[in-house]
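Heads up: the structure comes next, in structure tokens.
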Amino acid sequence: MKELTYADALREALREEMLRDPTVILLGEEIGVFNGVYKVTRGLLDEFGPERVRDTPISEAAIAGAAVGLALAGMKPVAEIMYMDFLPICMDQLSTQAAKMRFMSGGQLNVPMVLRTQYSLGRQHGSQHSQFTPAWFLQVPGLKVVLPSDPSDAKGLLKSAIRDPNPVLFVESGLLYRTRGPVPEDEYTVPLGEAAVKKKGDDVTIVALSRMVNESLLAAKKLETDGISAEVVDLRTLQPLDLETITESVKRTSRLIIASDDVKRGGVGAEISASVTETCFDYLDAPITRVACPDTPIPFSPQLEQQYMPNADRVIRTAKELLGK
Amino acid sequence: MATITQVQDVAQNEYSKHGLTKEKLEEMLRKMLIVRKFEEKVEELFIVRGLLIGPSHLYLGQESIAVGAMMALEHDDLTVTTYRGHGHALAKDVPTNLCMAELFGKSSGNCKGLGGSMHVAIYPKTGSLYATAIVGSGIPIAAGVGLGLKQRRSKQITATFFGDGACNTGAFHEGMNLIALWKLPVLLFCENNQYAMSTPVKLAVSSPSIAERARSYGMETVVVNGNDVVSVYVAAKSAAERARRESLPTFLECLTYKMKGHGVYDKGEYRPRDEVAKWLERDPIATFKKRLLDQKVLTNAEEERVDAETQQEIEDSVKFAMSGSPLPFHQIMNYVYAE
């Protein structure tokens, strides 16, 4: 094992896949000369040249549309959309074009593209540069949605996303770019569609995604000292959704918390809650409970933003309530 | 500095100069008739016989654009077209049977009945790569296809088709900018049929002309009589040569007119009668056929043979379509994700 930051692990994935497959190309705003706003693409322009690391104008609809066209023409584009808040500008290409092409062509077309983006909740970026909206994409069959929470998964999942024959939305967390973690030395991939049990436990299941996985692991550690054994499941992929791992865990613990950085109403937690209720109703000893953001836009003020964001403490409080402790 | 060229109609005595042999001219007529008869049959199947349902956007009156353009392309050049795509599909050699079966929603259709009328021009086997039902969205996709082919050092080029309505969308402008900026080998056929649904161009486009917009992106632009198949062919041929030789795009504004309304149920009654009458006199098939007969390129007997053969092909396609069945419902899951 070696230790890498989340950003460096992502860069290794891009670089290794570019070396492995000459059709892999990157495009996006500021990814080349500027080395990427979060330095994920640092050095890649020098190594691979401007044809394979292509700086684009600020033109999200065209970036996503060009990625779709590149994929149709036999390339494997990895496009970068700087903030998740900018996805609505290219939603047509992602949701109405890329995701539906294979289906409505009766299987004649495949769209092997990756659209990388990140959300910056917790970085004082204000209402229009912070939001995490993964649940929108649950309504888009045909798209895969991946959200890594640590450097090792970030690398392995990105490599799988690039090799996948489907359009993949790859959502990174801006707050995690500088976090460090162990990454295998040797070549590896992490399959899409498999959740990971990041900590074993018996009393309550915490299903978390992206940044909230780390907060949930912190929470689980503290809960341990209070005699509560929490299991933490990192979803890793939202589409396809690994309900099997979640339900297997809930059947053992009988309690479920869903922790995520999205707005609570209509969010990822709502979907997981409904699905688990359909299959695990008889196993539940407490209401399925969500730890998520309030139903407001994200406030700028750092103090307000801290109160707005879910965190380990809220997970702890929720777990104790569910267990009556 | 990019220029706008108003292309004059190609005179008949110049046909041979452009390599238009009798065989080629007959093929143009045949293909236009296939599109015309297909659309007339579709209209009948919808309105008279009630066998087809859903939106269907007929290509009647614009046959000369798809046929002229596709015949100027190579078989493996790639197209990105639209929901008004029956003509594009047929002109790009998507088999008539498959197109008709697709309209009937049968598994024997080219998209297995999952696409329908608006996506019938998806058949990559003949280069008919994609057809979108969202106005304007094909232009950035065409940019990507063009970029991919260019980076693969392919000789293939890309052609995209869209209407006047697309020119007011953001996707049009973003796509145009990339195509011009990156010098991509893409032909952009703007089929200006004067109306976006019922809204006339003059109520929707701020600039003096659509061609003027293309020129402002630094793109070579030609304005051509879209109802003259030979003029479209010659303009497209020259644009295709430039794309292949110099990797440069060309914008071709093809002036035309919908013979009927926006969709199969729209009678287009919002249009002035004298305007409709004026354009019907310029019917791209009637005028072309008359020229071929007047100049004795074709005899009456030959013309009648082409007419009968194309009519038979359409009748056969309806039989083929009606004999098929839809996909079993449980199979639709298999088309969402590739393994």
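Order-wise, the sequence lines are chains A and B.
When you line the first sequence up against my numbering, it's residues 1 to 325, in that order.
When you line the second sequence up against my numbering, it's residues 1001 to 1339, in that order.
No residue lacks a Cβ here, since even glycine has one placed at the ideal position from N, Cα and C.
Indicate whether at least one CB of chain A lies closer than 8 Å to the CB of N996/B.
No information on residue 996/B is available, as it lies outside the stretch 1001 to 1339 that chain B covers here.
- Query: Distance, Cα to Cα, V78/A vs V197/A?
  - Reply: 28 Å
**Prompt:** DSSP state of C280/A, grouped into three classes?
**Reply:** helix
key: Pairwise C-alpha distance: F1320/B and E30/A   = 53 Å
Legend entry - Buried versus exposed, by CB contacts within 10 Å (16 or more), I1053/B: exposed
In angstroms with no decimal places, state the Cα-to-Cα distance between S105/A and A99/A.
11 Å
(message) Considering only DSSP beta bridges, list what G181/A is partnered with.
(response) L4/A
Counterpart residues of D234/A in DSSP-defined beta bridges: A196/A and A208/A
inquiry  = To be precise: take each residue of the segment 1129-1140 of chain B, compare its Cβ to all Cβ atoms of chain A, and keep it if any distance is under 8 Å. Which residues remain?
reply    = L1129, Y1130, T1132, I1134, S1137, I1139 and P1140
Original post:
Near A1204/B, what residues of its chain come up, given a Cβ to Cβ distance below 8 Å and the 5 sequence neighbours on each side ignored?
Top reply: D1164, G1165, N1168 and A1196
| field | Residue range of the unbroken beta strand (DSSP E) whose run includes A1131/B | value | Y1130 to T1132
How long is the line joining the alpha carbons of V140/A and E1313/B, rounded to whole angstroms?
-> 39 Å
Margin query: My output table needs one value for K1155/B: the three-state DSSP class, helix, strand or coil.
Written below: coil
Run of the beta strand (DSSP E) containing E1191/B, from where it starts to where it stops
V1186 to N1192
Ignoring anything shorter than 3 residues, give me the beta strand (DSSP E) runs that lie fully in the segment 83-138 of chain A, in order along the chain. 114-119
Beta-carbon proximity of T1199/B to N1227/B, cut-off 8 Å: no
Continuous alpha helix (DSSP H) stretch holding N1177/B: start and end
G1170 to L1181
Item to check | Sequence-distant residues of the same chain with beta carbon closer than 8 Å to E185/A, five excluded per side | outcome: M1 and K2
So, is the C-beta of S160/A closer than 8 Å to a C-beta in chain B? no
Item checked: Coil, strand or helix - L256/A by DSSP -> strand
Original post:
How about T96/A: is its C-beta nearer than 8 Å to some C-beta of chain B?
Top reply: yes
- Can we say the segment 1085-1105 of chain B touches the segment 1269-1278 of chain B, given the rule of at least three CB pairs closer than 8 Å? no
For this session: Give the residues of chain A in contact with V1336/B, contact being defined as C-beta atoms less than 8 Å apart.
Result: R102, F103, P141 and G142
Among Q1012/B, E1023/B and T1221/B, the one whose alpha carbon lies nearest that of C1254/B | T1221/B
Considering only DSSP beta bridges, list what S173/A is partnered with.
Y119/A
Note to self: For L218/A, which residues in the same chain have their Cβ closer than 7 Å to its Cβ, ignoring the five residues on either side in sequence?
What the structure shows: A312
* Asked: What beta strand (DSSP E) runs, 3 residues minimum, are completely inside the segment 1066-1145 of chain B?
  -> 1078-1082 and 1130-1132
### Message
Give me, in chain order, the residues of the same chain whose beta-carbon lies closer than 6 Å to that of G1061/B; leave out the 5 immediate sequence neighbours on both sides.
### Response
Y1257, K1258 and M1259
Practice prompt. Using a Cβ-Cβ cut-off of less than 7 Å, list which residues of the segment 54-77 of chain A approach chain B; keep chain order.
Written response: P57, S59, A61, A62, G65, A66, A67, V68, G69, L70, L72, A73, G74 and M75
| Closer than 8 Å to chain B by CB, E231/A | no
Note to self: Helix, strand or coil for V53/A? Go by DSSP, reduced to three states.
What the structure shows: strand
Measuring only the C-alpha atoms, how far is V1048/B from V1230/B?
34 Å
Q) Alpha carbon to alpha carbon, what distance is there between D261/A and P240/A? A) 19 Å
Using DSSP's beta-bridge definition, name the partner residues of T1160/B. V1080/B and L1188/B
**Item:** Pairwise C-alpha distance: Y1217/B and G1087/B
**Value:** 29 Å
Report task. Report yes or no: is there a C-beta of chain A within less than 8 Å of the C-beta of V1145/B? Result -> yes
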